[in-house]
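Here's the structure we're looking at; comments come further down.
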Amino acid sequence: MKIINGGVTAAKGFRAASTAAGIKYKGRQDMAMIYSEVPCKSAGTFTTNLVKAAPVKWDRNQVYSGADAQAVVVNAGIANACTGEEGMEYCRQTAVAAGEALHIPMESVLVASTGVIGMQLPMDRITAGIKTMAPLLGGSLENGEAASRAIMTTDTKNKQAAVEFEIGGKTVTMGGMCKGSGMIHPNMCTMLGFVTTDLAISKELLMEALKEDVKDTFNMISVDGDTSTNDTVLLLANGMAGNPEITEKGEDYDTFCKALNYINETLAKKMAGDGEGCTALFEVTIVGAETREQAKVLAKSVITSSLTKAAIFGHDANWGRILCAMGYSGAQFDPEKVDLYFQSKAGRMQIIENGVALDYSEEEATKILSEPEVTAVADIKMGEATATAWGCDLTFDYVKINADYRS
16 MKIINGGVTA AKGFRAASTA AGIKYKGRQD MAMIYSEVPC KSAGTFTTNL VKAAPVKWDR
76 NQVYSGADAQ AVVVNAGIAN ACTGEEGMEY CRQTAVAAGE ALHIPMESVL VASTGVIGMQ
136 LPMDRITAGI KTMAPLLGGS LENGEAASRA IMTTDTKNKQ AAVEFEIGGK TVTMGGMCKG
196 SGMIHPNMCT MLGFVTTDLA ISKELLMEAL KEDVKDTFNM ISVDGDTSTN DTVLLLANGM
256 AGNPEITEKG EDYDTFCKAL NYINETLAKK MAGDGEGCTA LFEVTIVGAE TREQAKVLAK
316 SVITSSLTKA AIFGHDANWG RILCAMGYSG AQFDPEKVDL YFQSKAGRMQ IIENGVALDY
376 SEEEATKILS EPEVTAVADI KMGEATATAW GCDLTFDYVK INADYRS
């Protein structure tokens with residue numbers, strides 16, 4: 016697998032465009048479109064929140080109907096959530112407008128929205144944006160990057176990833192983009208993710224691969240403990256790489272899954288590291304677990320602890336907060352057997368051994384915790400299983416951003 020520059024336009028046959036539709040934001044692009052030259056197999060995973068936005072319902076119907084997908088229309092600023100039948104009608108109108116502009120069936124159009132909950136979409140601006148973007152569609156890296164910037168809300172950075180790999184003697188490319196900075200918590204997290212590939216693969220295996228991979232990637236991040244109404248990850252495969260279609264599990268399927276895992280994990284970490292107001296990506300790895308599920312529960316409990324997140328912001332090696340968060344996670348372990356380490360580019364240090372603090376240097380620990388990427392590793396000495404979760408520190412700016420979000 017080769018890591019390359021790019022995003023949703025990296026794979027053969029995929030194009031993207033963006034525009035400033037003036038939906039909520041002023042002076043910036045706030046709509047994006049992804050288009051494939053040929054119809055795609057589609058897979059998707061969606062929020063587990065009982066309150067689901069209209070685009071989530073629309074896309075679930077499209078993905079599970081088995082219909083081909085060929086385009087995605089995304090807007091930032093208004094979430095089209097808690098908007099009733101009118102919101103669903105706006106999804107249909109968006110699909111109709113895109114279908115007419117691109118000369119494809121409306122059933123092949125997916126839609127996604129992110130932003131303020133409860134507001135209705137200004138459909139005149141949405142349809143005008145679609146008409147503007149259709150002739151601007153292009154397959155350049157610049158087109159993909161512009162699209163990734165247009166879907167941002169409180170994000171401070173656009174988020175992309177792309178790889179190449181070989182299947183059946185053919186070079187296959189996969190790329191993705193996502194947005195997400197706040198209201199992020201398993202399962203899933205406010206995130207929109209779009210992954211495109213020119214791989215030829217059956218819809219059944221495409222769906223299975225995505226469903227399994229999000230468990231260890233997007234579902235292992237948290238910023239603030241809030242699960243969004245709009246979470247959507249879409250995976251489109253158009254088959255233009257020309258490889259023999261993957262219809263059963265084996266070496267080719269495993270190669271594809273490794274590439275998908277790299278894209279999803281990279282995008283997930285970019286979101287966690289760009290949490291609203293954050294100054295650091297906080298990674299927690301549990302090793303020595305009896306089962307993988309036990310390790311995942313423990314790791315997620317630590318990254319969602321507000322007290323631990325605040326300690327990371329203060330560069331404070333307050334290990335008691337980590338052990339406390341593990342203790343109320345619901346997973347069983349022996350606190351008196353836990354070893355804990357902090358590590359970053361500045362070094363690695365053991366903080367506790369068998370549940371008791373070592374004679375470590377607070378100054379050195381603060382140095383390690385002052386890096387933009389910080390990791391805590393906890394060994395619970397029960398087995399061979401491991402799991403990693405990603406979060407961020409909790410800062411003053413998180414409160415400021417969310418106090419002013421609607422204004």
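Quick note: the sequence shown uses this note's numbering, first residue 16, plus one each step. C-beta: ideal position from N, C-alpha, C; glycine also. Keep in mind the model is a prediction, meaning the values are calculated, not measured.
Closest by C-alpha distance to residue i, when choosing among the options
| i | options | result |
| --- | --- | --- |
| residue 288 | 406, 234, 148 | 406 |
| residue 226 | 360, 79, 20 | 79 |
| residue 334 | 281, 393, 271 | 393 |
| residue 355 | 293, 42, 337, 381 | 337 |
| residue 63 | 82, 264, 246, 26 | 246 |
| residue 271 | 283, 282, 284, 252 | 252 |
| residue 399 | 116, 284, 308, 22 | 308 |
| residue 230 | 331, 403, 25 | 403 |
| residue 347 | 376, 321, 310 | 310 |
| residue 137 | 94, 84, 38, 58 | 38 |
| residue 359 | 409, 208, 396, 391 | 391 |
| residue 119 | 262, 53, 81 | 53 |
| residue 25 | 123, 163, 98 | 163 |
| residue 339 | 319, 168, 123 | 319 |
Sheet register partners of residue i (DSSP bridge)
| i | result |
| --- | --- |
| residue 249 | 59, 209 |
| residue 17 | 179 |
| residue 125 | 87 |
| residue 298 | 390, 405 |
| residue 143 | None, per the DSSP bridge assignment. |
| residue 29 | 51 |
| residue 190 | 177, 211 |
| residue 359 | 362 |
| residue 130 | 92 |
Nearest-angstrom beta carbon gap, residue j and residue i [assumed within contact, 8 Å]
| i | j | result |
| --- | --- | --- |
| residue 341 | residue 317 | 6 Å |
| residue 256 | residue 214 | 6 Å |
| residue 44 | residue 33 | 5 Å |
| residue 88 | residue 58 | At roughly 18 Å, the Cβ-Cβ gap does not stay under 8 Å, so residue 88 and residue 58 are not in contact. |
| residue 180 | residue 206 | Going by Cβ atoms, the distance from residue 180 to residue 206 rounds to 25 Å, so no, they are not a contact pair. |
Residue i burial status per 10 Å Cβ neighbour count (16 or more: buried)
| i | result |
| --- | --- |
| residue 369 | exposed |
| residue 275 | buried |
| residue 415 | exposed |
| residue 493 | There is no way to answer for residue 493, as the model of the chain reaches only from 16 to 422. |
Check whether residue i and residue j have beta carbons under 7 Å apart
| i | j | result |
| --- | --- | --- |
| residue 16 | residue 178 | yes |
| residue 302 | residue 314 | no |
| residue 165 | residue 129 | no |
| residue 372 | residue 278 | no |
| residue 140 | residue 36 | yes |
| residue 5 | residue 327 | Because residue 5 is not part of the residues shown, which for the chain are 16 to 422, the question remains open. |
| residue 249 | residue 191 | no |
| residue 23 | residue 183 | no |
| residue 364 | residue 383 | yes |
| residue 395 | residue 304 | yes |
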